[in-house]
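Undergrad:
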Amino acid sequence: MNMEVLAGLSRPIIMGVLLGGLYALIALGLSMVFGVMKLINVAHGDLMIFSAYFAYALMTAWGIDPILSLTMGIPLWFGLGFAIQKYVMSRAFGISMEAPLIIAFGISLILQSLAQIIWSPYSRGLTAPYALGGISLGITTVPRTYLLSFIAALVVMLVLREFLRRSYLGKAIVAASQDKRGAELVGINTGRVYAFAFAIAMATTAIAGVFFGLTFPFTPTSGVGFLVIAFGVIIIGGLGSMLGTFIGGIVLGLTQTLSGHFLGAAWQMLFVYLIVFVVLAVRPQGIFGR
Amino acid sequence: MEKDSQETFSDALLRISNVDAFYGTFQALWDVSLVVKPGEIVALIGSNASGKSTLINTISGVIHPARGTIEFDGRDISTLDPFQIVTLGISQVPEGRRIFPEMTVSDNLILGSYNRQARPNRDQNLKRVYEHFPILEERKNQLAKTLSGGEQQMLAIGRGLMSDPKLMLFDEISLGLAPKVTEELYKAVREIRAKGITILLVEQNVRRSLKEADRAYIIKAGHIVLSKNAAECQEEEIRQAYFGVCS
Numbered sequence: 005m006n007m008e009v010l011a012g013l014s015r016p017i018i019m020g021v022l023l024g025g026l027y028a029l030i031a032l033g034l035s036m037v038f039g040v041m042k043l044i045n046v047a048h049g050d051l052m053i054f055s056a057y058f059a060y061a062l063m064t065a066w067g068i069d070p071i072l073s074l075t076m077g078i079p080l081w082f083g084l085g086f087a088i089q090k091y092v093m094s095r096a097f098g099i100s101m102e103a104p105l106i107i108a109f110g111i112s113l114i115l116q117s118l119a120q121i122i123w124s125p126y127s128r129g130l131t132a133p134y135a136l137g138g139i140s141l142g143i144t145t146v147p148r149t150y151l152l153s154f155i156a157a158l159v160v161m162l163v164l165r166e167f168l169r170r171s172y173l174g175k176a177i178v179a180a181s182q183d184k185r186g187a188e189l190v191g192i193n194t195g196r197v198y199a200f201a202f203a204i205a206m207a208t209t210a211i212a213g214v215f216f217g218l219t220f221p222f223t224p225t226s227g228v229g230f231l232v233i234a235f236g237v238i239i240i241g242g243l244g245s246m247l248g249t250f251i252g253g254i255v256l257g258l259t260q261t262l263s264g265h266f267l268g269a270a271w272q273m274l275f276v277y278l279i280v281f282v283v284l285a286v287r288p289q290g291i292f293g294r
Numbered sequence: 005m006e007k008d009s010q011e012t013f014s015d016a017l018l019r020i021s022n023v024d025a026f027y028g029t030f031q032a033l034w035d036v037s038l039v040v041k042p043g044e045i046v047a048l049i050g051s052n053a054s055g056k057s058t059l060i061n062t063i064s065g066v067i068h069p070a071r072g073t074i075e076f077d078g079r080d081i082s083t084l085d086p087f088q089i090v091t092l093g094i095s096q097v098p099e100g101r102r103i104f105p106e107m108t109v110s111d112n113l114i115l116g117s118y119n120r121q122a123r124p125n126r127d128q129n130l131k132r133v134y135e136h137f138p139i140l141e142e143r144k145n146q147l148a149k150t151l152s153g154g155e156q157q158m159l160a161i162g163r164g165l166m167s168d169p170k171l172m173l174f175d176e177i178s179l180g181l182a183p184k185v186t187e188e189l190y191k192a193v194r195e196i197r198a199k200g201i202t203i204l205l206v207e208q209n210v211r212r213s214l215k216e217a218d219r220a221y222i223i224k225a226g227h228i229v230l231s232k233n234a235a236e237c238q239e240e241e242i243r244q245a246y247f248g249v250c251s
């Protein structure tokens, strides 16, 4: 391989890693809810997009910076997640395994319709002065939004990981995910722990929505496509592992940019799903899964 | 049916009165009454699916009784959830151990003192557990799933001790373990009792139960069919209770 090909590869590799960071950021909340409560939260993508719309509303109404608006978005989504789990999902779990799934689907439809009514079906975007244009990383220039998303993903992943490993509540969440009955018998209120897990997952989803909105334009139905991508990320990375989710995002991002580089943009999503398929066939628990 | 007069003791730590309990639509306990006094070791003996584990889980609040009451320390706990019951001072070491396999030994133990009452005494209790089971201290940074069966059982018992219990419920702690390991576990059980913790234990091995316990209850198809001082239990009586030729 000559130098020219290598130099040509550096851009798709760097772009793939950074894009993978954004994918990981989107998938972290889904991974947590899936890993702890075994709930497939099909409303995850829509909750993420709704956070982008929330930041958009604050930005257009009062000119509030999207990242700054997270000081309101994070607590709001945290509270929303806590309420959804405590008052809706926990009851649904008592009915059957399918009930929470159907409720999540209902939440998804409600959010999409609300976004259409409030903000119309046309595409919207978040902007900030510091997010415009590119930034040179030496070998190649990348959009600032990609780099910001990657940094945000890294920070959120590390904070979540340390929280789960070190704090009492974090350990209780992990324990409840490994053996619910065992957790109850050591005195963990699993209902409360689940509500916190959902709340924390939603807080990360609020962050993901803002960085997504800064990077890509969005419509009320954008969440659906990114739910599928987030699924791919946690299938590759392994359920419930925060580091695994991060690596899974990068693998998926790299697959997309490299297959796009060699075969053209039309092929890239095919390869993304192909690699998900291969991981499912060869290592169904994911790269970092148990 | 033979019952002695101990049912009427007023100094009971745990008093179960006329409890019915269901698994779905299946009635697993029928009019069960049982008393555990402070400082005792009481054995609950019965064959497979006789309702032993159901009774243990009903005490722990995993299952709520459909009828009857469970009193602990003079307080009705029949409607409380497991985490509340742990806080009051009942700790269950469940069948199959139910440790957290992907967490370290020390994290498993630390989680044992999750309830607010036990948290302030965490370090002291951890020291106590390591005294009972020095092997756990040696392996404190290992993942729980890498322990041997006997060590996992020690971990489950240690985790149960971490919640500062007044009463411990042991469900089949020797199941599938070698005699030597079982001996070691029961040595720990005796040490635990010596420290003033009351014990209700479920054990398949009848001889072992009677050897360790002060009193025994025999449960058959969800009914208590016999309760006696362990030393007075005749093998013939137990065999009859076990295999259905009721006296």
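Line by line, the protein sequences are chains A and B. Everything in the first sequence is counted per my numbering, starting at 5 for the first residue and increasing by one. Everything in the second sequence is counted per my numbering, starting at 5 for the first residue and increasing by one. Positions of the beta carbon are idealized from the N, C-alpha and C atoms, including for glycine. Quantities reported herein were computed from a predicted structural model and do not represent experimental measurements.
1. Anything in the segment 154-179 of chain A with a Cβ closer than 8 angstroms to a Cβ of chain B? List those residues in chain order, please.
2. So, are the CB atoms of S213/B and Y221/B less than 8 angstroms apart?
3. Applying a beta-carbon distance threshold of less than 7 angstroms, which residues of chain B neighbour G264/A?
4. Got a sec: is the Cβ-Cβ distance from R243/B to anything in chain A below 8 angstroms?
5. Give the secondary structure of M107/B by DSSP, where H, G and I count as helix, E and B as strand, and everything else as coil.
6. In the structure shown, what three-state DSSP assignment does E241/B receive?
7. If we ignore side chains and look at the alpha-carbon of each, how far apart do V39/B and A16/B end up?
8. Have a look at the DSSP bridge pairing and note the partners of Y27/B.
9. Which partner residues does F222/A have in the DSSP bridge list?
10. Taking the DSSP output, what are the residues bridged to E135/B?
11. Going along chain B in order, which residues have a C-beta closer than 7 angstroms to the C-beta of N193/A?
12. If I measure Cβ to Cβ from M5/B and keep anything under 7 angstroms in the same chain, skipping five residues before and after, which residues do I get?
13. Is there a Cβ of chain B sitting closer than 8 angstroms to that of R185/A, yes or no?
14. May I have the straight-line CA-CA distance separating Y150/A from L22/A, to the nearest angstrom?
15. So which of L247/A, G242/A and D50/A has the shortest CA-CA distance to V286/A?
16. Would you mind sorting W81/A into buried or exposed? The rule is 16 or more other CB atoms within 10 Å of its CB.
17. Can you list, in chain order, the residues of its chain whose CB lies under 7 angstroms from that of W34/B, leaving out five sequence neighbours each side?
18. Give me the DSSP bridge partner(s) of E75/B.
19. With a threshold of 8 angstroms between beta carbons, is L115/B in contact with chain A?
20. So, using beta-carbon positions, are V276/A and Q260/A closer together than 8 angstroms?
21. What's the call for P169/B, buried or exposed, on a 16-neighbour Cβ count within 10 Å?
22. For P69/B, count neighbouring C-beta atoms within 10 Å of its own C-beta (all shown protein chains included) and say buried if the count is 16 or more, exposed if not.
23. In whole angstroms, what is the alpha-carbon distance linking T225/A and L231/A?
24. Tell whether a beta-carbon distance below 8 angstroms holds between G186/A and S245/A.
25. By how many angstroms is the C-alpha of A156/A removed from the C-alpha of L258/A?
26. What is the DSSP secondary structure of L209/A, counted as helix, strand or coil?
27. Pull the bridge partners of K232/B from the DSSP assignment, please.
28. Buried or exposed: I254/A, going by 16 or more other Cβ atoms within 10 Å of its Cβ?
29. Taking the C-alpha atoms as reference points, what is the distance between A32/B and T73/B?
30. The alpha helix (DSSP H) spanning I161/B covers which residue range?
TA: Answer, in terms of the structure:
1. Y172, K175, A176, V178 and A179
2. no
3. Ordered by position in chain B, no residue passes the 7 angstroms Cβ test against G264/A, which lies about 37 angstroms from the chain.
4. no
5. coil
6. helix
7. 6 angstroms
8. F30/B
9. R128/A
10. DSSP, once it has assigned bridges, lists no residue as partnering E135/B.
11. F87
12. The pLDDT assigned to M5/B is 42, lower than 50, so where the model puts this residue is not dependable, and the model offers no usable value.
13. yes
14. 6 angstroms
15. G242/A
16. buried
17. D24, G226 and H227
18. R19/B and D80/B
19. yes
20. yes
21. buried
22. buried
23. 11 angstroms
24. no
25. 18 angstroms
26. Checking the displayed sequence, the identity of residue 209/A turns out to be Thr instead of Leu. DSSP places T209/A in helix when its eight states are reduced to three.
27. A220/B
28. buried
29. 16 angstroms
30. G153 to L165
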